[in-house]
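As structure tokens, the structure follows; a few thoughts come after it.
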Amino acid sequence: MQNEEEYLKLVKSYQLRIELLEERLNLELRAKDKVIETIQAHNDYLQKLLITLSERPIINQNTIEVETVSDQSNSQTRNVNFNAAIQGSGYVEGNSYYYDVSKQKHSLTEAAVEIQKLLNQLSQTYPVTTRSEQIVVATKAMEELEKRPQLKQRVIGALQSGGAEALRELVDNPIINVLLALLEGWKSV
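The numbers in numbering that gives the first Met the number 0 rise by one with no breaks, and the one at position 38 of the sequence shown is 37.
Below is the structure:
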């Protein structure tokens, strides 16, 4: 009789623990659902922003005279349009900015290779046949770049020194056009 009472108490105790665990699990699932809803809303906002940015023309406002130096004896001067501060190896003398072309090309090439690898990896995981699928992959690429600050800075530097057109030519992936629309916002950050 006493064993039976202890057994019933034990069963009741386990049932109470199971109910508490189920309630806790349900609360955690509802919290997770809220997080998913928030992320989906954020993703929708980013997709709309991306579409808006990709349809907007890019206007260069500033012109400076730049002398490119590939070696000590051979240098060129040309006018360059830019929207943000120039990054890279170089120096300013008067109204001219002098920079080493080989270092600029190397940095731009490195960034393009990294972007190419990233887009290829994401293209294997996600479909990219429609415009909205390409936007999703470009958004995922942005998230990956945010997680890798050194790569993000290289990409920003490459955009500022070489420009979007140079990256567009170096990266062989149709998503680059969508990604560049997103990356344009980084140049001013």
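Ideal Cβ positions, reconstructed from N, Cα and C, are used throughout, including at glycine.
Grab the span of the alpha helix (DSSP H) containing residue i for me, first residue to last.
i: D171; result: Where D171 is concerned, there is no enclosing alpha helix (DSSP H), given that its DSSP letter is neither H nor E.
According to DSSP, simplified to helix, strand and coil, what is residue i?
i: T129; result: coil
i: M0; result: coil
i: R147; result: coil
i: E183; result: helix
Using the Cα positions of residue i and residue j, report the straight-line distance between them to the nearest angstrom.
i: L158; j: L26; result: 45 angstroms
i: Q133; j: K33; result: 26 angstroms
i: A163; j: A30; result: 41 angstroms
i: N42; j: D171; result: 25 angstroms
i: R147; j: T138; result: 14 angstroms
i: T76; j: S160; result: Residue placement at T76 is poorly supported in this model, since its pLDDT is 46, which falls under 50; the coordinates still yield a value, given next. Distance between the alpha carbons of T76 and S160: 15 angstroms.
i: L121; j: T37; result: 23 angstroms
i: L19; j: L7; result: 18 angstroms
Between residue i and residue j, which are expected to be in contact by the criterion C-beta below 8 angstroms, what is the C-beta distance as a whole number of angstroms?
i: V177; j: L49; result: 6 angstroms
i: L52; j: L181; result: 7 angstroms
i: V112; j: Y125; result: Their Cβ separation, rounded to whole angstroms, is 21 angstroms, which puts V112 and Y125 out of contact at 8 angstroms.
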